[in-house]
Structure formats: C-alpha cells, structure tokens
Amino acid sequence: MIAKQIYDAIQQIAPFDSAESWDNPGLLVGSPQAQADPLGLALDITPEVLALAKEKGIQTILTHHPVIFHPLKQVREDSPVFQLVQSGITVISAHTNLDRSPKLGTNRVLAERLGLWTGSLAPELEEMGVLGELPPCPVSALAQKAKEALGCASVNFYDAGIPCRRIAVVAGSGGSLLEEAAAAGADTLITGDVKQDVFVSAQWLGMNLLEVSHFDLENPVFSKLGPWLEDTLGIRTCLLSPKNPVQWI
56 MIAKQIYDAI
66 QQIAPFDSAE
76 SWDNPGLLVG
86 SPQAQADPLG
96 LALDITPEVL
106 ALAKEKGIQT
116 ILTHHPVIFH
126 PLKQVREDSP
136 VFQLVQSGIT
146 VISAHTNLDR
156 SPKLGTNRVL
166 AERLGLWTGS
176 LAPELEEMGV
186 LGELPPCPVS
196 ALAQKAKEAL
206 GCASVNFYDA
216 GIPCRRIAVV
226 AGSGGSLLEE
236 AAAAGADTLI
246 TGDVKQDVFV
256 SAQWLGMNLL
266 EVSHFDLENP
276 VFSKLGPWLE
286 DTLGIRTCLL
296 SPKNPVQWI
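Position one of the sequence shown corresponds to residue 56 (my numbering), numbered consecutively onward.
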C-alpha cells in the first residue's frame, strides 16, 4: 500500500477539489510512492505526533489540518516540513474537503457523536455544517452531553433562555456561520474558536451558542475514517493524536 492509494481513497469520499478556495489539502510533503501501511492519523503534525510516527515506523500520515497552509518563506531545521522530509515521512492532508464530506465528514461524525437526528441538510449549511434535531433540552444539559460525548475538559455556552431543539454543528471554527445557522432554523450552534463578538451576536439573535475546543470537535472523525480505510484498503491505521494536548484548570 502506498500514499497514492490513500490519496485516491480519500478522493472518493472527500474530493480534494471540493475544498474551500483558501484551503490547501492534498499530498503536501513526501512521495506518492511512500509506504502507507500502517497509516498514521492525526489532526495536526506536532512534535509528539512526529516522534510517535518515527517510533512506530510510520512512513505516511493523514492529517486533517494541512501541514503547509500559508506560503513558506523559509524551511528551517526546527520546522515541521524540514523534520518530516528529514525523517522520510509523507503527509496527506484532507481539510475542508473532509469537513463537507456527506459520508465520513467531520460534521457528520460530530453530529452522530452528539446523537443528532440529521435526516437532511439545510441548504444554508450543507457546505460546512450539519443541522440536526434532539428532543428539547436546556442548553446546560446539551453542554454536559457534548462534554461527555466528546471527552472534552470544558464547554463554554450562552443560554438564550430557550430549549435546544434544532442544532447546527460546525466542526472547527464556525462562528462566522451563526447567522446562516439561524436562517436555516437552528436555535442552537455548536462550534469552536468562538470570538467575543459572536457571543454578542448570539444574544441579539436569541440563539444558544456552545463553544467546544477545536481539537475535540474534529479529532472524532478518525474514529470513523480509520476503520473505513482499514476495511476499504485492508491496511492498519494508528491514531497518533488520541487526546487534546491543550489542558484546562
């Protein structure tokens, strides 16, 4: 099994050309001929992820966040790109193309983890989010449910004083979609990296808003993507980013 075959498999469920124009998914470091069994899975390339990959003899890693995102002005020896090349490790990244995948996308997996009924996607959210339903519950109860389902240390939330029924989920940084979620009929948005002005907007819109860490929203995708790759390609996968490296007290 080689990296090109991993790329082709991802292309089937999350076409790389479906990514946002500002994004940079694809085979970003290394060789399409690199050995890819076992395949490493990680949200980001961190020093710990790289060290674990080397320890396990992994030559190809599939990440969610692109290891090269902004134009490079230098490649120093302390940069991830330099160390990946030096270590002979190939990296494929599937970012917003995976977010919007209807089969195994980050938003679909997140909605399933939260137990949302998602019979259909709202047109306003179908590109980067999922709209689902739950039996009515207080926002504090939904926050606790999210905390337990995602295994995160904390959940920040604004309680608009209405039950959570129609819930929009946007994995990653989705605060900019608050108004789109409201237009789609959502009374609640769950997303990450929420800025203060978005919490203020939620108050004016009368919407419940829950903020979960970026890592805990997106890392669950590998719980579905890994087994799918194993079944489809007959390979072994290894999750190299099992827990959030950021801590709270």
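Idealized CB from N, CA, C, for every residue including glycine.
- Annotation: residue 134 to residue 215 spans about 44 Å, alpha carbon to alpha carbon.
- Comparing alpha-carbon positions, the option among 148, 277, 115, 304 lying closest to residue 71 turns out to be 148.
- Inter-residue distance for residue 190 and residue 130 is about 51 Å (C-alpha atoms, whole angstroms).
- A Cβ-Cβ contact shorter than 8 Å links residue 183 with residue 225.
- In the three-state scheme derived from DSSP, where H, G and I count as helix and E and B as strand, residue 169 is classed as coil.
- By the neighbour-count criterion, in which a residue is buried when 16 or more other Cβ atoms sit within 10 angstroms of its Cβ, residue 58 is buried.
- Between residue 272 and residue 247 the beta-carbon gap is near 5 Å, inside 8 Å, which marks them as a contact.
- Here the segment 251-261 does not lie against the segment 200-209, with fewer than 3 beta-carbon pairs under 8 Å apart.
- Counting along the chain, the unbroken beta strand (DSSP E) around residue 115 starts and ends at 115-118.
- Nearest Cα to residue 195 within the set 264, 86, 117, 69: 264.
- With 16 or more other CB atoms across the displayed protein chains lying within 10 angstroms of its CB, residue 138 is buried.
- Listed in chain order, the beta strand (DSSP E) runs fully inside the segment 90-147 are 94-97, 115-118, counting runs of at least 3 residues.
- Here DSSP, grouped into helix, strand and coil, assigns residue 245 to strand.
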